[in-house]
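A short worksheet on the structure shown next.
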Amino acid sequence: FTPLTLSGSDCESRCAGFALGFMSLDSKTAVCVPGRVRRVQGLDLEPIRLDLQAAVKPAVLLVQMDEDGGVLGFNASAGDLLRAESDGKLVAREFDVTQSFQLVNPAEMPLRFRLGTKAPFSVLKPLPGSSRDPYTGDGQALVIQPRHSTR
449 FTPLTLSGSD CESRCAGFAL GFMSLDSKTA VCVPGRVRRV QGLDLEPIRL DLQAAVKPAV
509 LLVQMDEDGG VLGFNASAGD LLRAESDGKL VAREFDVTQS FQLVNPAEMP LRFRLGTKAP
569 FSVLKPLPGS SRDPYTGDGQ ALVIQPRHST R
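Under the numbering used here, the first residue of the sequence shown is numbered 449, with each subsequent residue one higher.
Written out as structure tokens, the structure is:
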């Protein structure tokens, strides 16, 4: 039973389903259990119906700027060509900019996700202990528990 949701859906989706099955009492030990089996053998019996309901909510991960220098940082390296004033030559200079964010899980279920960027950006590391799964930088999934955050 896998409820389907439309991509881009902002609201909760409710799904209903059912499963049909037949019980087999071919085992002599199952038939002989007193008080457990109250069904006669026969081919004309109705199947067992199991009704299923599910509510699928889209995952929400809030990203907040952390002005206090949190630890989940995104690093950008860039180069800048400047013309030296004294002799008119081009001078290459590199600089790094690190930005920190706080990721908040407002949902009632744990969120498992991976962080990734394309060059020239890179993910530095999350705050140790903020996620149950240690981050190794190799694309391993992070987990944020319900109503918790990571920096």
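Each residue gets a CB set at the ideal place from its N, CA and C atoms; glycine is no exception.
Backbone secondary structure at residue i - three-state DSSP
{"i": "A467", "result": "strand"}
{"i": "R562", "result": "coil"}
{"i": "R462", "result": "strand"}
{"i": "L551", "result": "strand"}
Residue i vs residue j beta-carbon contact at 8 angstroms
{"i": "L563", "j": "A507", "result": "no"}
{"i": "F466", "j": "D499", "result": "yes"}
{"i": "F561", "j": "L509", "result": "yes"}
{"i": "V571", "j": "Q512", "result": "no"}
Delimiting residues of the beta strand (DSSP E) encompassing residue i
{"i": "A502", "result": "I496 to V504"}
{"i": "V591", "result": "L590 to I592"}
{"i": "V508", "result": "Run containing V508: none; DSSP gives neither H nor E here."}
Buried or exposed (CB count within 10 angstroms, at least 16 for buried), residue i
{"i": "I592", "result": "buried"}
{"i": "T565", "result": "exposed"}
{"i": "L468", "result": "exposed"}
{"i": "T546", "result": "exposed"}
Test: residue i CB closer than 8 angstroms to a CB of chain B
{"i": "R497", "result": "As a matter of chain content, chain B is missing from the structure shown, which is built from one protein chain."}
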